[in-house]
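S.K.:
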Amino acid sequence: MNVTVIGAGYVGLVTAACLAELGHQVVGVDRDHGRVALLQAGGVPIYEPGLEELIRRNEQAERLRFTTAMPQAVHDADVIFIAVGTPPQEDGSADLQHVLEVARQIGMHMRRFQVVVNKSTVPVGTGDRVWLTIQRELMIRGLSDVSFAVVSNPEFLKEGAAIEDFMRPDRIVIGTADTPDGQRARQQMARLYAPFNRHHERTVWMDVHSAELTKYAANAMLATRISFMNEMARLADAVGADIDAVRRGIGADQRIGHSFLYAGTGYGGSCFPKDTRALVYTASEHDLNMQVVEAVERVNTAQKQLLVGHVERLFGLRLDGRRLAVWGLSFKPQTNDMREAPSRTVIAALLRRGAEVVVHDPVAMDEARRSLTADLADDANALERLHWVDQPMECVDDADALLLLTEWKCFHNPDWGQLARRMRDAVVLDGRNLYDPALLQEHGLAHIGIGRRNALGAIRLGLKRPAPVDANAMSLI
Ligand SMILES: NC(=O)c1ccc[n+]([C@@H]2O[C@H](COP(=O)([O-])OP(=O)(O)OC[C@H]3O[C@@H](n4cnc5c(N)ncnc54)[C@H](O)[C@@H]3O)[C@@H](O)[C@H]2O)c1
2 MNVTVIGAGY VGLVTAACLA ELGHQVVGVD RDHGRVALLQ AGGVPIYEPG
52 LEELIRRNEQ AERLRFTTAM PQAVHDADVI FIAVGTPPQE DGSADLQHVL
102 EVARQIGMHM RRFQVVVNKS TVPVGTGDRV WLTIQRELMI RGLSDVSFAV
152 VSNPEFLKEG AAIEDFMRPD RIVIGTADTP DGQRARQQMA RLYAPFNRHH
202 ERTVWMDVHS AELTKYAANA MLATRISFMN EMARLADAVG ADIDAVRRGI
252 GADQRIGHSF LYAGTGYGGS CFPKDTRALV YTASEHDLNM QVVEAVERVN
302 TAQKQLLVGH VERLFGLRLD GRRLAVWGLS FKPQTNDMRE APSRTVIAAL
352 LRRGAEVVVH DPVAMDEARR SLTADLADDA NALERLHWVD QPMECVDDAD
402 ALLLLTEWKC FHNPDWGQLA RRMRDAVVLD GRNLYDPALL QEHGLAHIGI
452 GRRNALGAIR LGLKRPAPVD ANAMSLI
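Numbering (our numbering), first residue to last: 2 to 478.
(1) In this structure, does DSSP put PRO343 in helix, strand or coil?
(2) Using 7 Å as the cut-off, classify the Cβ of TYR48 as near or not near the heavy atoms of ligand 1, replying yes or no.
(3) Taking the alpha-carbon of LEU387 as reference, which of LEU101, ARG64, VAL347 has the nearest alpha-carbon?
(4) Assess contact between the stretch 443 to 461 and the stretch 230 to 237, defined as three or more Cβ pairs (one per stretch) separated by less than 8 Å. Is contact present?
(5) Per DSSP, what kind of secondary structure is ILE47 in: helix, strand or coil?
(6) DSSP beta-bridge partners for ARG204?
(7) Give every residue of the same chain whose Cβ lies closer than 7 Å to the Cβ of ASP431, excluding the five residues on either side of it in the sequence, and list them in chain order.
(8) According to DSSP, is GLU1 helix, strand or coil?
(9) Answer yes or no: the CB of HIS287 versus the heavy atoms of ligand 1, is any distance below 7 Å?
(10) Within the continuous alpha helix (DSSP H) that includes SER372, where are the two ends?
(11) Note the first and the last residue of the continuous alpha helix (DSSP H) segment covering ALA459.
(12) What residues are listed by DSSP as bridge partners for PRO155?
(13) In chain order, what residues of the same chain lie with their CB nearer than 8 Å to the CB of THR16, ignoring the 5 residues before and after it?
(14) Report buried or exposed for GLU213, applying the criterion of at least 16 other Cβ atoms within 10 angstroms of its Cβ.
(15) Closer than 6 Å between the C-beta and any heavy atom of ligand 1: which residues qualify, listed along the chain?
(16) Give me, in chain order, the residues of the same chain whose beta-carbon lies closer than 6 Å to that of TYR217; leave out the 5 immediate sequence neighbours on both sides.
(17) Quick check: what's the CA-CA separation for GLY143 versus PHE114?
(18) For the stretch 145 to 159 and the stretch 120 to 137, state whether three or more C-beta atom pairs, one from each stretch, are separated by less than 8 Å.
(19) Rounded to the nearest angstrom, what separates TYR11 and LEU23 at their Cα positions?
(20) Can you tell me the Cα-Cα spacing of TRP417 and ILE164, whole angstroms?
(21) Spatial neighbours of LEU377 within its chain, please: C-beta separation below 7 Å, excluding the five flanking residues on both sides.
(22) With H, G and I counted as helix, E and B as strand and the rest as coil, what does DSSP make of PHE412?
(23) What first and last residue would you give for the alpha helix (DSSP H) that runs through GLY310?
(24) Quick one: using the 10 Å Cβ neighbour count with 16 as the cut-off for buried, is ASN414 buried or exposed?
(25) What three-state label does DSSP hand PRO89 in the structure shown?
(26) By Cβ distance below 8 Å, which residues in the same chain neighbour GLY161 in space, the five residues on each side in sequence not counted?
(27) Which residue comes first and which comes last in the alpha helix (DSSP H) that contains THR69?
(28) What does DSSP give as the partner residue(s) for ALA447 in the beta ladder?
(29) Do you know whose CA, among GLN419, GLN292, HIS76, VAL125, lies nearest LEU97's CA?
(30) Using alpha carbons as the reference points, say which of PRO343, PRO393, ASP379, MET339 lies closest to VAL359.
(31) Say whether the stretch 427 to 441 touches the stretch 305 to 314, bearing in mind that this needs 3 or more beta-carbon pairs closer than 8 Å, one atom from each stretch.
(32) Taking the CB atoms as reference points, tell me whether ALA78 and VAL131 lie closer together than 8 Å.
(33) Between which residues of its own chain and VAL174 is the CB-CB distance below 6 Å, once the five residues before and five after are set aside?
(34) Between GLY13 and GLY29, what straight-line distance do the alpha-carbon atoms span, to the nearest angstrom?
(35) Are the CB atoms of ARG314 and GLU357 within a distance shorter than 8 Å?
(36) Would DSSP call ARG248 helix, strand or coil?
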């Protein structure tokens with residue numbers, strides 16, 4: 002089939018490359034000329050394992066190409082995917098300007114029956130708005146008898162494992178209208194995704210509104226599990242329990258399962274934060290309070306500050322003269338995505354309190370530099386105290402503490418002996434509960450995890466340069 006994918010970001014590129022790999026003729030469209038030029042020259046604007054090879058292979062096989070020219074890309078397509086961004090607005094609602102602008106352009110160039118597939122995450126009712134936008138353009142062009150269908154096909158890929166997720170989906174959610182055009186669209190979507198359903202039917206068919214809500218409900222559920230565990234971790238610290246033992250204990254219950262039960266520094270990324278807020282906004286439009294989801298968001302905001310609080314308890318409210326090392330910047334491993342990454346909150350807070358912060362990430366350094374420079378645009382002094390290094394061990398030289406924020410594989414098994422020798426004070430704040438506290442202890446390192454029976458008071462007493470007592474009136478865990 003001829004497929005056009007509009008938007009060449011994380012979702013659009015993966016969708017385009019994977020559909021080409023299945024044998025479809027795919028055109029990827031983006032309005033960003035630089036991005037398209039890079040793709041045409043063989044580059045890939047994002048870091049996603051396996052994506053570059055997949056794109057190159059399908060470009061060479063002439064099943065995939067990229068362009069900025071919307072008219073031709075729309076003309077040629079049987080199916081048109083919309084995969085542009087839906088960023089959050091001030092009030093939490095999803096900004097639909099890109100989606101509706103693309104719909105308008107599709108309407109300006111449509112000439113025959115086509116299926117328009119909304120893959121962007123959009124609030125319930127957006128499919129109707131896309132349909133109306135296209136219909137209006139057709140009417141302006143005197144082509145109101147051209148029929149088309151708008152389908153919702155939300156994307157569930159995980160950055161870092163996006164190709165695997167797309168190629169081996171747990172499920173494919175497709176919402177179509179119960180109309181003749183909707184039925185026709187359903188047949189085309191079934192053909193498009195047929196390779197995924199050969200072994201067993203993975204497609205969950207439903208109406209458009211339900212498909213749109215399914216995406217938000219899925220993300221809200223996953224975010225809820227994370228915030229639940231983060232809240233439980235705080236209680237574990239308070240009562241002297243180990244959240245990692247609790248995690249294993251509850252995960253073994255098949256009704257609960259082991260996934261998404263990790264306490265940490267809070268969720269980030271391009272989806273959970275904005276999608277939970279957008280869901281709350283949608284509910285408010287219907288005079289409903291999403292009490293659980295609102296609490297999930299509040300817990301997450303507080304969780305991003307947890308390690309900053311620990312640092313304050315160890316070293317004082319002012320961190321002038323302190324050197325803090327940070328391993329990991331992207332919101333999770335295997336991506337360079339810095340959108341809403343907890344590292345941004347933590348690093349900015351430490352810098353604003355006067356610390357020198359030395360950071361390393363194996364992949365996300367360029368993206369992180371852009372994000373943090375923007376975050377601290379009002380504080381040139383703080384930015385000057387932010388240092389970027391290429392090696393994890395260089396990062397810890399003379400550091401008062403090391404903060405592990407993203408669990409990249411390269412941070413899993415450091416040479417602890419060397420690390421302890423290179424640091425000034427031997428404290429590891431393990432924001433991902435990656436490390437074995439006993440192992441670190443063997444090397445003379447103090448371990449502070451998330452809900453791991455942390456003994457901050459004792460650790461503070463053992464520091465070479467503890468916080469001045471009068472500067473730290475806060476209670477110690
Ligand atoms: N990133 C994820 O992990 C993920 C997962 C599932 C769903 N989603 C959803 O998918 C959508 C896209 O997310 P993303 O992370 O790929 O976004 P992104 O910001 O990485 O990419 C969006 C692309 O769309 C392009 N674009 C914007 N307006 C355009 C227009 N008028 N014409 C052509 N191109 C245009 C931009 O230039 C950009 O390259 C969002 O709604 C997001 O919530 C994202």
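Ideal Cβ positions, reconstructed from N, Cα and C, are used throughout, including at glycine.
Keep in mind it's a predicted model, so treat the numbers as computed, not measured.
M.R.: Working from what's here:
(1) helix
(2) no
(3) VAL347
(4) yes
(5) coil
(6) Correcting the residue identity first, residue 204 is Thr in this sequence and not Arg. THR204 is bridged to ILE173.
(7) LEU405, HIS448, ILE449, GLY450
(8) Any answer about residue 1 is impossible in this case: the structure gives the chain only from 2 up to 478.
(9) no
(10) 366 to 376
(11) 457 to 463
(12) In the DSSP output, where bridge partners are listed per residue, PRO155 has none listed.
(13) VAL6, PHE82, ALA84, LYS120, GLU156, PHE167
(14) buried
(15) ILE7, GLY8, ALA9, GLY10, TYR11, VAL12, GLY13, VAL30, ASP31, ARG32, ASP33, ARG36, ALA84, VAL85, GLY86, THR87, HIS99, GLU102, VAL103, SER121, THR122, GLU156, LEU158, GLU160, SER271, CYS272
(16) ASP276, LEU280
(17) 15 Å
(18) yes
(19) 19 Å
(20) 34 Å
(21) ALA349, LEU352, ALA383, LEU384
(22) helix
(23) 307 to 316
(24) exposed
(25) strand
(26) GLU49, PRO50, LYS333, PRO334, GLN335, THR336
(27) Unbroken run through THR69: none, as it is neither H nor E.
(28) VAL428
(29) VAL125
(30) PRO393
(31) yes
(32) no
(33) PRO155, VAL205, ALA212, THR215
(34) 7 Å
(35) no
(36) helix
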